[in-house]
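Peer 1:
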Amino acid sequence: MLKIVGAFFVCLWCADFLTGFFHWLEDTYCLEHYPLIGGFICEPNIEHHVDTQLMVRTGTFFSRNMLQWGMAASIFGLLVICGWANVYTFVTLLLTSFGNEVHRWNHMHKTSPLVTFMKDLGVIQAHRQHSMHHKPPHTGYYCVLTSQVNAVLERISFWRSLEKLIAVTTGIAPKRESRRDAVTVKAKS
Ligand SMILES: [Zn+2]
Ligand SMILES: [Zn+2]
Numbered sequence: 001m002l003k004i005v006g007a008f009f010v011c012l013w014c015a016d017f018l019t020g021f022f023h024w025l026e027d028t029y030c031l032e033h034y035p036l037i038g039g040f041i042c043e044p045n046i047e048h049h050v051d052t053q054l055m056v057r058t059g060t061f062f063s064r065n066m067l068q069w070g071m072a073a074s075i076f077g078l079l080v081i082c083g084w085a086n087v088y089t090f091v092t093l094l095l096t097s098f099g100n101e102v103h104r105w106n107h108m109h110k111t112s113p114l115v116t117f118m119k120d121l122g123v124i125q126a127h128r129q130h131s132m133h134h135k136p137p138h139t140g141y142y143c144v145l146t147s148q149v150n151a152v153l154e155r156i157s158f159w160r161s162l163e164k165l166i167a168v169t170t171g172i173a174p175k176r177e178s179r180r181d182a183v184t185v186k187a188k189s
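Written out as structure tokens, the structure is:
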């Protein structure tokens with residue numbers, strides 16, 4: 001039993017890291033005018049940073065999560081083709097695909113008693129921690145499933161180190177200035 005609980009938490013933390021990785025990619029490098037992903041991924045991401053309540057007010061359970069489900073299913077399909085699929089990768093991707101829904105719970109003023117209970121248990125991210133992401137300088141706490149992975153990554157400046165490594169090896173710098181402009185324009189419109 002202890003082994004199953006331990007395996008579940010390892011999958012949960014791996015899933016949380018994946019939510020943080022994709023969120024960091026969007027927040028750091030994603031611009032609205034990019035082909036294909038610009039309108040589909042970058043624009044909703046920028047909108048969330050302008051109006052954090054938009055995801056609470058609009059959409060359905062399906063529309064909010066279909067992108068994540070599609071991505072998780074595609075990655076799992078690739079793992080199956082490569083022969084790397086197993087119960088752990090399945091659970092990790094399944095949990096990752098619900099990251100946006102957990103994220104939404106952290107922007108709701110009122111949630112169900114079950115969600116509150118899971119927050120109190122520490123199984124899902126505390127509201128206070130996600131609110132840190134929406135405070136200046138807006139450059140941390142990207143993971144949205146739990147509070148534990150962010151705590152470790154922030155302590156070791158993981159995202160800043162990764163950005164430096166990418167800048168040194170590829171010459172690609174974070175697009176924060178351009179994104180800040182986009183956020184300002186949207187906030188005024
Ligand atoms: Zn963000
Ligand atoms: Zn948020």
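189 is the number that this note's numbering gives the last residue of the sequence shown; the numbers go up by one with no jumps.
Using N, Cα and C, we set each Cβ at its ideal position, and we do this for glycine too.
These numbers were taken from a predicted model, which means no experiment stands behind them.
(1) Just checking, does the segment 41-56 make contact with the segment 105-124 on the three C-beta pairs under 8 Å criterion?
(2) Within 10 Å of its beta-carbon, does Ile46 have 16 or more other beta-carbons around it, so buried, or fewer, so exposed?
(3) Using a Cβ-Cβ cut-off of 8 Å (strictly less than) and excluding sequence neighbours within five positions of Pro137, which residues of its own chain qualify?
(4) Would you say Asp16 touches ligand 1, meaning its beta carbon is less than 7 Å from a heavy atom?
(5) Have a look at Val115 and His103 and give me their C-alpha separation to the nearest angstrom.
(6) For the candidate residues His127, Met118, Ser97 and Ser157, whose alpha-carbon lies nearest to that of Phe22?
(7) Along the chain, where does the alpha helix (DSSP H) that runs through Ala126 open and close?
(8) Just tell me which of Val152, Arg155 and Arg176 has its CA closest to the CA of Glu163.
(9) Looking at C-beta atoms only, is the number of pairs between the segment 65-78 and the segment 118-133 that lie closer than 8 Å three or more?
Peer 2: The short version:
(1) Short answer: they touch.
(2) Label assigned to Ile46: buried.
(3) Nothing meets the Cβ criterion.
(4) No heavy atom of ligand 1 is found nearer than 7 Å to the CB of Asp16.
(5) Straight through space, the alpha carbons of His103 and Val115 are spaced by roughly 12 Å.
(6) Answer by Cα proximity: Ser97.
(7) Per DSSP, Ala126 lies in no alpha helix (DSSP H) and is assigned neither H nor E.
(8) With respect to the C-alpha of Glu163, the residue from Val152, Arg155 and Arg176 having the closest C-alpha is Arg176.
(9) No, because fewer than three Cβ pairs between the segment 65-78 and the segment 118-133 fall closer than 8 Å, the two stretches do not touch.
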